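K.L.:
FYI, our numbering numbers position 511 of the sequence shown as 511, with every residue one higher than the one before it. Backbone N, C-alpha and C define an ideal beta-carbon position, used for all residues, glycine too. Model, not experiment: these values are computed from the prediction.
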Amino acid sequence: MKTILFILAAALAAPAAAQNLTGLGASAVDSSGAARETFSSGESITLRQRVNVVTTSVDPVTFSFQIVSPAGAVVFAHGIPNPPGANSAPGTQGGAQSQLAGISIASFYTAPGTYVFRAKAVQGANTPVEQSDNFTISSPNITLIYPPYGARGLSDRPLTFRWTASGATRYRVTVADNAGLYNPAHEAVNSGENSYVYPDSPTQPREQLVPDQVYYWKVEGLDASNNRISESNVYNFSLRSQASSQTRNVTITALELSSPALDFEKPLNFKATLFNSGATAESNISVKMSLGGIGAQDSPKQVISIAAGERQDIPFNAFMPSGQEEGLAVACADLFDDNMTDNCKTRLISKNAGAAVPKPSKKLSYEEMFQEILKRLGPDAAKALEGYTFENLTCANCSQEELSAIISALISGEAQLVNASVLDSGAGETGGTGQTQAAASAAGETAAAEPVETNFDIPEMKDDLAGEWSGFTEAPKSGKGGGFVIRDRKAWKKFWKTVSTEDVPDVDFGAKMVVGVVSGKADRAESVRILGQRKTDEGVAFDYYFIEAPAGTRVELAAYLLKVYDRTDEKAEFKRLDVKK
Numbered sequence: 001m002k003t004i005l006f007i008l009a010a011a012l013a014a015p016a017a018a019q020n021l022t023g024l025g026a027s028a029v030d031s032s033g034a035a036r037e038t039f040s041s042g043e044s045i046t047l048r049q050r051v052n053v054v055t056t057s058v059d060p061v062t063f064s065f066q067i068v069s070p071a072g073a074v075v076f077a078h079g080i081p082n083p084p085g086a087n088s089a090p091g092t093q094g095g096a097q098s099q100l101a102g103i104s105i106a107s108f109y110t111a112p113g114t115y116v117f118r119a120k121a122v123q124g125a126n127t128p129v130e131q132s133d134n135f136t137i138s139s140p141n142i143t144l145i146y147p148p149y150g151a152r153g154l155s156d157r158p159l160t161f162r163w164t165a166s167g168a169t170r171y172r173v174t175v176a177d178n179a180g181l182y183n184p185a186h187e188a189v190n191s192g193e194n195s196y197v198y199p200d201s202p203t204q205p206r207e208q209l210v211p212d213q214v215y216y217w218k219v220e221g222l223d224a225s226n227n228r229i230s231e232s233n234v235y236n237f238s239l240r241s242q243a244s245s246q247t248r249n250v251t252i253t254a255l256e257l258s259s260p261a262l263d264f265e266k267p268l269n270f271k272a273t274l275f276n277s278g279a280t281a282e283s284n285i286s287v288k289m290s291l292g293g294i295g296a297q298d299s300p301k302q303v304i305s306i307a308a309g310e311r312q313d314i315p316f317n318a319f320m321p322s323g324q325e326e327g328l329a330v331a332c333a334d335l336f337d338d339n340m341t342d343n344c345k346t347r348l349i350s351k352n353a354g355a356a357v358p359k360p361s362k363k364l365s366y367e368e369m370f371q372e373i374l375k376r377l378g379p380d381a382a383k384a385l386e387g388y389t390f391e392n393l394t395c396a397n398c399s400q401e402e403l404s405a406i407i408s409a410l411i412s413g414e415a416q417l418v419n420a421s422v423l424d425s426g427a428g429e430t431g432g433t434g435q436t437q438a439a440a441s442a443a444g445e446t447a448a449a450e451p452v453e454t455n456f457d458i459p460e461m462k463d464d465l466a467g468e469w470s471g472f473t474e475a476p477k478s479g480k481g482g483g484f485v486i487r488d489r490k491a492w493k494k495f496w497k498t499v500s501t502e503d504v505p506d507v508d509f510g511a512k513m514v515v516g517v518v519s520g521k522a523d524r525a526e527s528v529r530i531l532g533q534r535k536t537d538e539g540v541a542f543d544y545y546f547i548e549a550p551a552g553t554r555v556e557l558a559a560y561l562l563k564v565y566d567r568t569d570e571k572a573e574f575k576r577l578d579v580k581k
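Structure (structure tokens):
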């Protein structure tokens with residue numbers, strides 16, 4: 001019996017020995033010993049693993065490390081296979097750890113993304129302890145976003161500098177009144193954010209930014225020891241006079257249907273509301289509207305001027321793309337103001353969306369309807385139609401009850417006539433049969449009407465901003481988007497025919513050139529923005545970004561933007577920025 005008990009005791013003791021190691025953590029740390037989640041490819045990194053030894057053993061604890069790239073490949077290995085080459089620690093009860101310090105990230109860096117540090121600790125025949133830690137390595141390049149290159153007359157208060165992060169521990173922002181950044185007016189180091197707010201009331205007089213003075217700025221990435229590991233190009237900007245008390249912000253506050261969406265075979269009428277919530281008047285604002293990724297017939301429209309606190313309603317006519325039962329309507333004000341996130345408004349449009357048709361209170365005869373329409377058209381129209389009668393009214397998809405409801409709303413004053421005409425089928429003869437079509441709106445709710453010609457004053461259609469064209473076209477055959485430069489009329493004419501049936505705009509290619517950006521299939525862009533032009537060591541560069549369509553929206557065509565710039569024959573590069581709408 002004693003022998004059996006001894007054997008059982010030994011068998012029970014074995015699992016305890018197999019669990020002699022417990023993990024306390026694996027981490028990737030910087031040169032200062034601080035654990036971090038992001039690094040730049042120009043830094044060094046330290047790999048560390050900590051375990052607990054439950055019972056003292058003559059067997060040492062050996063450690064092996066691996067780093068796996070975003071693509072899943074092992075790009076760094078130490079101590080694999082086990083000794084020779086592995087770090088080790090005594091098998092004494094208590095904490096045990098090992099680390100590899102000063103590993104150059106550039107020695108294993110393959111591409112920006114998330115890397116995985118895998119650590120394994122082994123003691124004799126015990127079960128190994130495996131632990132891991134994820135960290136991100138960013139590109140060493142820093143791209144400045146705001147203020148954009150060459151920005152003039154900024155009214156920001158406070159002025160916030162923004163850039164794409166490179167994964168550095170912290171960033172140093174330098175501002176000076178000269179391109180060499182000699183004797184800077186202001187220099188500051190943040191805690192690793194990709195933005196910096198310039199002090200509104202700096203301590204030194206020379207740090208106060210002067211209106212209309214051109215300033216130069218750049219950003220440098222620093223490691224934990226304040227060594228420079230990345231830097232940006234130098235951009236420049238200026239402030240407008242009295243910038244301390246002025247702000248700029250225009251908003252699309254509403255995007256509405258002027259009448260219900262009953263028939264997708266006909267254009268839908270929209271109204272976008274533009275509001276200037278800034279402190280100063282704005283001028284020459286281009287407002288664009290699209291439906292289902294296709295630009296409205298009369299888009300863009302130019303707002304010549306809008307005062308501070310003023311609202312303006314801008315009408316658009318747009319077709320639903322063929323074969324679609326619903327589509328996303330998007331209206332955007334094209335202005336680089338203090339808050340670009342509210343420059344656009346979206347609305348999902350489907351059949352029967354929009355204002356409800358007023359409920360009929362009574363049925364009217366056609367003669368009663370016609371007489372009321374004559375009243376609403378005014379005395380001049382009534383005189384021109386003297387002697388006319390008609391046998392019926394036509395309204396796309398309207399029942400007799402709905403027609404009656406429209407006219408009843410007109411009579412009661414709950415609605416007003418906004419679009420009407422008379423179609424003469426009798427070649428102008430008095431007494432010929434005519435057709436009248438009407439649309440009515442009641443306190444913001446408008447009854448459906450078939451689009452017709454009108455004698456009412458309507459805003460004149462405006463072209464794009466001078467030297468700028470945008471819209472949608474077939475995606476490039478390669479499927480990838482990008483930028484290009486056109487420097488002669490022949491190439492310009494050839495490209496223009498691929499995007500428009502209108503006459504080719506006149507461009508003086510002796511002094512100008514056309515810069516274009518088109519999105520690819522995977523970009524899902526609903527619009528394109530070019531932030532500006534800047535000098536580089538090899539020539540010029542253009543920074544641009546795409547505004548992506550909301551999730552779930554089908555994007556069939558590629559968005560493009562064409563802008564005229566002063567001609568240069570230098571090499572042109574295009575830099576895409578990841579900017580969200």
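What would DSSP say about LYS521, mapped onto helix, strand or coil?
P.N.:
The residue given as residue 521 occupies position 521 in the sequence shown. LYS521: helix per DSSP, three-state reduction.
K.L.:
Can you give me the C-alpha to C-alpha distance between PHE472 and THR160, rounded to a whole angstrom?
P.N.:
Translated into positions along the sequence shown, residue 472 becomes position 472. Translated into positions along the sequence shown, residue 160 becomes position 160. When rounded, the distance between both Cα atoms is 33 Å.
K.L.:
Between the Cα of SER470 and those of VAL564, GLN99, VAL51 and THR536, spot the shortest distance and give me the residue it belongs to.
P.N.:
To locate residue 470, count along the sequence shown from 1; it is residue 470. Among VAL564, GLN99, VAL51 and THR536, the Cα nearest to that of SER470 is on VAL564.
K.L.:
Give the DSSP bridge partners of ASP313, in chain order.
P.N.:
For this step, residue 313 is matched to residue 313 along the sequence shown. ASP313 pairs with THR273.
K.L.:
Going by DSSP in three states, VAL129 sits in which element: helix, strand or coil?
P.N.:
The residue labelled residue 129 in the question sits at position 129 within the sequence shown. Three-state result, VAL129: strand.
K.L.:
Let me know the beta strand (DSSP E) ranges lying completely inside the segment 134-165, each 3 residues or longer, listed in chain order.
P.N.:
With a minimum length of 3 residues, the continuous beta strand (DSSP E) runs that stay inside the segment 134-165 are 144-146, 151-154 and 160-163.
K.L.:
Taking contact to mean at least 3 C-beta pairs separated by less than 8 Å, is the segment 246-262 in contact with the segment 53-64?
P.N.:
In short, these stretches do not touch, since the Cβ pair count stays below three.
K.L.:
Run through DSSP, which three-state label would THR473 get?
P.N.:
As a working mapping, residue 473 is identified with position 473 in the sequence shown. THR473: strand per DSSP, three-state reduction.
K.L.:
Put PHE495 into one of helix, strand or coil per three-state DSSP.
P.N.:
Translated into the one-based positions of the sequence shown, residue 495 becomes position 495. In this structure, PHE495 counts as helix in the three-state DSSP scheme.
K.L.:
Can you tell me which of the three DSSP states LYS490 falls into?
P.N.:
As a working note, residue 490 is residue 490 in the sequence shown. Here LYS490 sits in helix by DSSP.
K.L.:
If you check the beta carbons only, do PHE63 and SER98 fall under 7 Å apart?
P.N.:
Walking along the sequence shown from the start, residue 63 turns up at place 63. Walking along the sequence shown from the start, residue 98 turns up at place 98. Contact: yes.
K.L.:
Please list, in chain order, all residues of the same chain as GLY539 whose beta carbon is under 8 Å from its beta carbon, the five residues on each side excluded.
P.N.:
Numbered from 1 along the sequence shown, position 539 holds the residue referred to as residue 539. For GLY539, where only same-chain residues beyond five positions count, the Cβ hits under 8 Å are THR568, GLU570, LYS571, ALA572 and GLU573.
K.L.:
Please classify SER201: is it buried, with 16 or more other beta-carbons within 10 angstroms of its beta-carbon, or exposed?
P.N.:
Here the question's residue 201 lines up with position 201 in the sequence shown. Answer is exposed; the Cβ neighbour count stays below 16.
K.L.:
Helix, strand or coil for SER107? Go by DSSP, reduced to three states.
P.N.:
Taking the first residue of the sequence shown as 1, we reach residue 107 at position 107. Of the three classes helix, strand and coil, the one that applies to SER107 here is helix, per DSSP.
K.L.:
Ignore the nearest five residues each way along the sequence and tell me which others in TRP163's own chain have a CB closer than 7 Å to its CB.
P.N.:
Here residue 163 corresponds to residue number 163 of the sequence shown, with the count starting at 1. Closer than 7 Å at the Cβ level, and outside the excluded window around TRP163, lie ILE142, THR143, LEU144, ILE145, ASN194, VAL219 and SER232.
K.L.:
Report all residues from its chain with a CB closer than 6 Å to the CB of SER88; omit the five preceding and five following residues, and keep chain order.
P.N.:
Sequence index remark: in the sequence shown, residue 88 carries index 88 (1-based). The residues are PRO60 and THR62.
K.L.:
Taking 6 Å as the limit between beta carbons, can you name the residues of its chain near VAL521, skipping five residues before and five after?
P.N.:
As a working note, residue 521 is residue 521 in the sequence shown. The identity of residue 521 in the sequence shown is Lys, whereas the question assumes Val. For LYS521, where only same-chain residues beyond five positions count, the Cβ hits under 6 Å are ALA475 and GLY479.
K.L.:
Give the DSSP-derived three-state secondary structure of THR56 in the structure shown.
P.N.:
By one-based count along the sequence shown, residue 56 stands at place 56. In the structure shown, THR56 sits in coil (DSSP, three-state: anything other than H, G, I, E or B).
K.L.:
Alpha carbon to alpha carbon, how far is SER191 from SER299? Give it in angstroms, no decimals.
P.N.:
Locating residue 299 in the sequence shown gives position 299, counting from the first residue. Locating residue 191 in the sequence shown gives position 191, counting from the first residue. Rounded to the nearest angstrom, the two C-alpha atoms are 44 Å apart.
K.L.:
Measuring only the C-alpha atoms, how far is GLU548 from PRO205?
P.N.:
Your numbering for residue 548 matches position 548 in the sequence shown. Your numbering for residue 205 matches position 205 in the sequence shown. So the two alpha carbons sit approximately 43 Å from each other.
K.L.:
Using alpha carbons as the reference points, say which of GLN302, ARG36 and VAL122 lies closest to ARG170.
P.N.:
For the purposes of this step, residue 170 is identified with residue 170 of the sequence shown, where counting begins at 1. Out of GLN302, ARG36 and VAL122, ARG36 has the C-alpha closest to the C-alpha of ARG170.
K.L.:
Among the residues of its own chain, which have a CB less than 6 Å from the CB of ALA176, if the five just before and after it don't count?
P.N.:
Counting from one through the sequence shown, the residue named residue 176 turns up at place 176. Excluding sequence neighbours, ALA176 sits near PRO184, ALA185 and TYR216.
K.L.:
In terms of residues, what are the limits of the beta strand (DSSP E) holding ALA71?
P.N.:
If you number the sequence shown from 1, residue 71 lands on position 71. ALA71 -> no beta strand (DSSP E), and no H or E assigned at all.
K.L.:
Just the Cα atoms here: how many angstroms apart are LYS512 and CYS344?
P.N.:
Here residue 512 refers to the residue found at position 512 of the sequence shown. Here residue 344 refers to the residue found at position 344 of the sequence shown. One C-alpha to the other measures close to 31 Å.
K.L.:
According to DSSP, is MET340 helix, strand or coil?
P.N.:
Residue numbering aside, residue 340 sits at position 340 when the sequence shown is read from its first letter. Of the three classes helix, strand and coil, the one that applies to MET340 here is helix, per DSSP.
K.L.:
Three-state secondary structure (DSSP) at GLU43?
P.N.:
Taking the first residue of the sequence shown as position 1, residue 43 is located at position 43. Three-state result, GLU43: coil.
K.L.:
Could you check whether PHE316 and PHE275 sit closer than 7 Å to each other, using their CB atoms as the reference points?
P.N.:
If you number the sequence shown from 1, residue 275 lands on position 275. If you number the sequence shown from 1, residue 316 lands on position 316. No; because the gap between Cβ atoms is not below 7 Å, this pair is not in contact.
K.L.:
Measuring only the C-alpha atoms, how far is VAL129 from ALA96?
P.N.:
Position 129 of the sequence shown holds residue 129. Position 96 of the sequence shown holds residue 96. About 12 Å.
K.L.:
How many angstroms separate the CA atom of SER258 from the CA atom of GLY327?
P.N.:
The sequence position of residue 258 within the sequence shown is 258, counting from 1. The sequence position of residue 327 within the sequence shown is 327, counting from 1. About 16 Å.
K.L.:
Excluding the 5 residues preceding and the 5 following LEU222 in the sequence, name in chain order all residues of the same chain whose CB lies nearer than 8 Å to its CB.
P.N.:
In the sequence shown, the residue the question calls residue 222 occupies position 222. ALA168, THR169, ARG170, TYR171, ARG172, VAL189, ARG228 and ILE229, listed in sequence order.
K.L.:
Which of the three DSSP states is assigned to GLU570 in this structure?
P.N.:
Mapped onto the sequence shown, residue 570 falls at position 570. Reduced to three states, the DSSP call for GLU570 is coil.
K.L.:
Excluding the five sequence neighbours on either side, which residues of its own chain have a C-beta within less than 6 Å of the C-beta of VAL122, listed in chain order?
P.N.:
In the sequence shown, the residue the question calls residue 122 occupies position 122. Excluding sequence neighbours, VAL122 sits near THR62 and PRO128.
K.L.:
In the DSSP assignment, find the beta strand (DSSP E) that holds PHE220 and state where it starts and stops.
P.N.:
In the sequence shown, residue 220 corresponds to position 220, counting from 1. In the sequence on display, residue 220 carries Glu and not Phe. 215-222 is the extent of the beta strand (DSSP E) around GLU220.
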